[in-house]
Amino acid sequence: MKTFIFPLLFSALLFGSFSEAKPIRIQLWHQMIYGHRVVLSDALRAFEKENPDIYIQETYRETEELRSSYQAAAMGGSGPELVFGPSDQIGPFAAMNIIRPLDEVLEPEYFNQFDPLATPIYKDKHYMIGGAVGNHLMLIYNKKLLTNPPKNSDELIALGKQHTLDTNGDGSIDRYGLVFNYTEPFFFAPFIPAFGEPFMTTDGKPQLNTQALRKTFEFILELRDKHKIIPKECDYETANALFKQGKAAMLINGDWSWGDYKDAKMDFGIARIPMIVSTQKWPSPLVGTAGYSLNANIKNPEHLAAAIKVLKYLTSDKVQMMFTERVGVLPSNLKIRETEAVKTNPLLQISSNIMEVGTPMPVVPEVRGVWDSLRIQYQKLLAGTLTPDQAAEGAQKLAEEQISAMNEVVQPDFGSTVIKVLSLFLVIALIWFTRNSLMTFVKGFQGPQKFVYYMMLPAFIGIFAVIIYPFFYNIAISFSNFSLLTFQNWSIVGFQHYVAALGDAKFYSLLLKTVIWTVVNVFFHVSIGIFLAVIINQVLPAKAFWRTLFIIPWAVPQYITALTWRGMFNQEYGPINQFLQQFLHMSPVQWLSQPFTAFAACIVTNVWLGFPFMMIVALGGLQSIPHTLYEAAYLDKANAWQRFRHITLPLLMPVMVPAALLGCIWTFNNLNIVWLVSNGGEPGDQTHILVSYVYKAAFNLYRYGYAAAVSVLIFLILVGWSLISLANHFRKEMK
Amino acid sequence: MIKKMLAWFSILLFAIFSIYPVLYVLSVSLRGDNAFQSQSLEIITSTSTVKNFIDLFTATNFLLWLRNSLFISFVTTLLGVTFASTSAYALSRYRFRGRNLMLFSLLATQMFPPTMLILPFYIILSKMELIDSFWGLFIIYSSTALPFCVWQMKAYYDTIPKELEEAALLDGCSRWKTFYKIILPVSSPALVITALFSFLASWSEYVIAAVVLQDPQLYTLPLGLRSFQASLATQWGLYAAGALIVSVPVLVLFISISRYLVSGLTIGSVKG
Chain A
1 MKTFIFPLLF SALLFGSFSE AKPIRIQLWH QMIYGHRVVL SDALRAFEKE NPDIYIQETY
61 RETEELRSSY QAAAMGGSGP ELVFGPSDQI GPFAAMNIIR PLDEVLEPEY FNQFDPLATP
121 IYKDKHYMIG GAVGNHLMLI YNKKLLTNPP KNSDELIALG KQHTLDTNGD GSIDRYGLVF
181 NYTEPFFFAP FIPAFGEPFM TTDGKPQLNT QALRKTFEFI LELRDKHKII PKECDYETAN
241 ALFKQGKAAM LINGDWSWGD YKDAKMDFGI ARIPMIVSTQ KWPSPLVGTA GYSLNANIKN
301 PEHLAAAIKV LKYLTSDKVQ MMFTERVGVL PSNLKIRETE AVKTNPLLQI SSNIMEVGTP
361 MPVVPEVRGV WDSLRIQYQK LLAGTLTPDQ AAEGAQKLAE EQISAMNEVV QPDFGSTVIK
421 VLSLFLVIAL IWFTRNSLMT FVKGFQGPQK FVYYMMLPAF IGIFAVIIYP FFYNIAISFS
481 NFSLLTFQNW SIVGFQHYVA ALGDAKFYSL LLKTVIWTVV NVFFHVSIGI FLAVIINQVL
541 PAKAFWRTLF IIPWAVPQYI TALTWRGMFN QEYGPINQFL QQFLHMSPVQ WLSQPFTAFA
601 ACIVTNVWLG FPFMMIVALG GLQSIPHTLY EAAYLDKANA WQRFRHITLP LLMPVMVPAA
661 LLGCIWTFNN LNIVWLVSNG GEPGDQTHIL VSYVYKAAFN LYRYGYAAAV SVLIFLILVG
721 WSLISLANHF RKEMK
Chain B
1 MIKKMLAWFS ILLFAIFSIY PVLYVLSVSL RGDNAFQSQS LEIITSTSTV KNFIDLFTAT
61 NFLLWLRNSL FISFVTTLLG VTFASTSAYA LSRYRFRGRN LMLFSLLATQ MFPPTMLILP
121 FYIILSKMEL IDSFWGLFII YSSTALPFCV WQMKAYYDTI PKELEEAALL DGCSRWKTFY
181 KIILPVSSPA LVITALFSFL ASWSEYVIAA VVLQDPQLYT LPLGLRSFQA SLATQWGLYA
241 AGALIVSVPV LVLFISISRY LVSGLTIGSV KG
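Quick note, the sequences are listed as chains A and B, same order.
Using the UniProt record's numbering, you'd call the opening residue of the first sequence number 1 and step up by one each time.
Using the UniProt record's numbering, you'd call the opening residue of the second sequence number 1 and step up by one each time.
This is the structure in structure tokens:
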């Protein structure tokens, strides 16, 4: 019972005022992996013991989510005092002015004690202090299978071939020479400079249409298709699982993964990613830091002082040692680097040796546009739809487009005046023309109908607050230049976003794809639903049992469904491919790396999720069909199909049509499945439907104004469509 | 005979289709090595262990999340049922100013992409100082489920003959009493559906909870489960075990009300 009261008390506290004696609460949002989280928590509890006037509340968020929730919170003028994350989040946060330059609050000497990597500079200012440095990729090898790691690419390929084996002779590979998440550009980025020049200049200009990128593309394709030493499809989870189960001799992964392999009691070694023979250059992993930044919104000086104290503590010698000793990260404090604990740790020594050939992680916001376009082109290349030449050329073009879209500050044009005047005019006109209705409405609260009004009121307020207000807020944003650079001072600029969206061929192709997605899904939902309902209703014993069985997919939360099906479609490990191989003797299908099959996978998942609802509706509909009709049909010698066609189907229609219409609206706007199954539109951004495209524009590319405009268009499309298809229903209803 | 065979065959096929993914999650939850993938199709292997389930209850805050989620869902359901049943009654029985607009806007709310509402939600709640409080969630959850529930309830009320209330009103019952004593009891199938949908809206909701709740002490189940997932190091075993447990209450709910489910979801549309 206590815990039930607690939340209520807590909210009461929030409404009440804080008294002076209460300890200051400092919030810290972080994205540390499980093992690191435990150390962080211990460190913070120790701090609280020494500083009873401060308590710290740490909140874990997954990297992408941390970014978007921090942005939302900062926009609302609040958010945690401290935020911990990888250094590449500095760029966007600083550009939005939502984190504070640390030079304002810390002495210049303070930064000197750290490895420069841990105190990255954006536009001449420090925005973060990292507790550790690294985050870099390396070659990790299984010592049971391999005594010496390969030193160059020729050795890598030779060793890889030697270890790629079909041990039981069934025609499928049981052990791979090399595995890594080669679907993500981050994991192949180290090779680019090794084949020539880096993929980005130091001031954040993409440099992708290069010989180096072409050669890198070719290299990865050769590993997969010519030398066949890596699996045909391999994401992070697959690579990790293969390596941990001893089914891969070598793996490219980062320093964060060591703990996992230690826990699995593996005997592993680490080394540089082998040198490229043709250029005699080492692949250069991106080296960065993950660290603490200060919220720009802290207004209370006491909070600020406390937050700085916590920041200093978390980057102090003591805490760094805790992390180094317990999870084996390389400390950022130069003094601790020289201690015995670090110097005698073989992993850390090799790791710093690997870092010598690394490239500092760029922190400018533009890097996101570069990654994103690289990912899109790279995945198209892997799917075989582009040649290395086309992919490199396209990547450069796309990156430039994305960066200019991200950095775009739309200037107000005459449209902004039109909108302002028009909306004022609309409001006045609306009030004028509805003045009688409004008066009657207000009077209604006292009149004879007041019962009705009070019955309606709570729902009305709820819907207004939660849906109508946000809706108009979005319309305002859709006319604004709200984006990365205008995060805190956006203004109404005009119709530019609508013009841009409607003038873009992509919008129409996405719309077409969304329509296909909706029609196919709802068709299967309804037909499977009716089919099962008819069979359960007529043929089978134990109706309740079957009904329950088929409800199961409905009971599983969507985010779990999506991740589960994603795992089931895995090329290497997914049960679907294993079934195809073992029982149907087919070759495995690369479901998620080809646009068509990936989209099909999303549809299958969503069909699984949606048919139970339709089945239940159909079952209800069937029960209301009078038996006498069937009896009459028997007398007329109608066969089963005729009975279905002429009795069941027409009488089910009144039930199924409204359900299907609602189903269409839900499916049209269902983000979860497409986003999670396709991992945000993979491969190469080709599995988007409109809502996932909107989500990406808003939360990944910071184009809030544009995203809002597209979402208003989605709304208009759906309203128009439903007005047409529901016209009859409404005519009856509105009488 | 052949027809029967065909029927059995297809139903078994769909049974596998509907149940296999759940078994797959079960198999992940029983693996000891924290791997999402394995090369075997077997669900239970010699290395299977219930360690993840034990860890879930002993080593994590699972029970706390469960309590929070149950509390939130309970209150949301209560609010949702109350608001939906009263406002749907008004919409079904009375003609008043703004009724048509209300009916249409209820439907229209379903058409706006929900993800774009997150930012305004956050701004409203932080202005009202409801961040990090269950109240924020109660308001959002019960209101977002309302449009569907109101339509559902209204369709059901439409099928109840007006004579029922007219008799009561003639006998001197107040309007509220008529609603409360006469109409509500005969609407139980629709009330159950409304309750179910309000419950579902809050039980497995993740995105809004992630924005509103920041104190780990207030985490709900979806938030808690998500914390097993890191971008590069997921605790798959714990996650899968948690996922199964999250689905159980919903399933139990479905089974216990499946009688109402079938009639509640459809009767309105058939007769109306």
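Ideal Cβ placement from N, Cα and C applies to all residues, glycine included.
Note that the structure is a prediction, hence the values are computed from the model and not measured.
Output, in chain order, the set of chain B residues within a Cβ distance shorter than 8 Å of residue i.
{"i": "A/Y469", "result": "P120 and I124"}
{"i": "A/T59", "result": "Q214, D215 and P216"}
{"i": "A/Q449", "result": "Y94 and F96"}
Residue i versus chain A: which residues are under 7 Å apart at the beta carbon?
{"i": "B/G224", "result": "What B/G224 touches in chain A: nothing, since even the nearest Cβ is about 10 Å away."}
{"i": "B/R97", "result": "S437, T440, F441 and G444"}
{"i": "B/Q235", "result": "Y34"}
{"i": "B/Y206", "result": "Y559"}
Could you check what DSSP says for residue i in three-state terms: helix, strand or coil?
{"i": "A/S257", "result": "helix"}
{"i": "A/F479", "result": "coil"}
{"i": "A/M456", "result": "helix"}
{"i": "A/E338", "result": "coil"}
{"i": "A/G610", "result": "helix"}
{"i": "A/M200", "result": "strand"}
{"i": "A/S19", "result": "Residue confidence for A/S19 is low, a pLDDT of 45 falling below 50, so the modelled location carries little weight and cannot support an answer."}
{"i": "B/R259", "result": "helix"}
{"i": "B/M153", "result": "helix"}
{"i": "A/E233", "result": "coil"}
{"i": "A/T289", "result": "strand"}
Spatial neighbours of residue i within its chain, please: C-beta separation below 8 Å, excluding the five flanking residues on both sides.
{"i": "A/A73", "result": "G79 and P80"}
{"i": "B/P147", "result": "L106, L107, T109 and Q110"}
{"i": "A/S17", "result": "For A/S17, the predicted structure reports a pLDDT of 45, less than 50, and the residue's modelled location is therefore unreliable. A value from the coordinates is still provided. None."}
{"i": "A/H303", "result": "I24, I26 and E81"}
{"i": "A/M322", "result": "V39, D42 and A43"}
{"i": "B/L63", "result": "F57"}
{"i": "A/N353", "result": "R272"}
So with CB distances below 9 Å, who are the chain B contacts of residue i?
{"i": "A/F323", "result": "Those do not exist, as A/F323 stays about 16 Å from chain B at its closest Cβ, beyond 9 Å."}
{"i": "A/W546", "result": "I11 and A15"}
{"i": "A/T564", "result": "P21, V22, Y24, V25, V28, A240 and A243"}
What residues in its chain sit with their C-beta under 6 Å from that of residue i, if we drop five residues either side in the sequence?
{"i": "B/S198", "result": "T76, T77, G80 and A145"}
{"i": "B/E48", "result": "Position check: residue 48 of chain B holds Ser in this sequence, whereas Glu was assumed. Same-chain partners within the cutoff: L30."}
{"i": "A/A271", "result": "L139 and P149"}
{"i": "A/L145", "result": "A249"}
{"i": "B/F228", "result": "Q235, L238 and Y239"}
{"i": "B/F14", "result": "none"}
{"i": "A/R703", "result": "S483 and A697"}
{"i": "A/Y498", "result": "A709"}
Within this structure, are the beta carbons of residue i and residue j separated by less than 9 Å?
{"i": "A/Q686", "j": "A/F550", "result": "no"}
{"i": "A/L334", "j": "A/F93", "result": "no"}
{"i": "A/L619", "j": "A/I717", "result": "no"}
{"i": "B/L265", "j": "A/I616", "result": "yes"}
{"i": "A/E104", "j": "A/R375", "result": "no"}
{"i": "A/Q57", "j": "B/P216", "result": "yes"}
Cβ closer than 8 Å: which chain A residues qualify as neighbours of residue i?
{"i": "B/Y157", "result": "Within 8 Å Cβ-Cβ: nothing; B/Y157 doesn't reach chain A, min ~12 Å."}
{"i": "B/R31", "result": "Correct list: empty, because the minimum Cβ distance to chain A is about 10 Å."}
Sorted by chain position, which residues of the same chain lie with C-beta nearer than 7 Å to residue i's C-beta, five sequence neighbours on each side aside?
{"i": "A/F268", "result": "I140, Y141, N142, K143 and Y261"}
{"i": "A/A533", "result": "M615, A618, L619 and L622"}
{"i": "A/L671", "result": "V691, S692 and Y695"}
{"i": "A/Y182", "result": "F188, I220, I230 and C234"}
{"i": "B/N68", "result": "L218, Y219 and T220"}
Just checking: is the beta-carbon of residue i within a distance shorter than 9 Å of some beta-carbon in chain D?
{"i": "A/Q411", "result": "Here the protein chains are A and B, and chain D is not one of them."}
Report the neighbours of residue i on chain B: residues whose CB is nearer than 7 Å to its CB, in chain order.
{"i": "A/M455", "result": "T86, S87, Y89 and A90"}
{"i": "A/S480", "result": "Going along chain B, no residue has its Cβ under 7 Å from A/S480, so there is no contact; the nearest lies around 12 Å."}
Using a cut-off of 9 Å between C-beta atoms, extract the partners of residue i located in chain A.
{"i": "residue 284 of chain B", "result": "Not covered by the structure: residue 284 of chain B. The range shown for chain B is 1 to 272."}
**OP:** Could you pull out every unbroken alpha helix (DSSP H) segment of at least 4 residues lying fully inside the region 410 to 445 of chain A, listed in chain order?
**Re:** Unbroken alpha helix (DSSP H) stretches of 4 residues or longer found wholly inside the region 410 to 445 of chain A: 414 to 433 and 435 to 443, given in chain order.
**OP:** Could I get the ranges of all uninterrupted alpha helix (DSSP H) runs contained in the region 296 to 377 of chain A, with 4 residues as the minimum, in chain order?
**Re:** Assignment of alpha helix (DSSP H) within the region 296 to 377 of chain A, counting only whole runs of 4 or more residues, yields 301 to 314, 317 to 327, 334 to 337, 340 to 343 and 346 to 355 in chain order.
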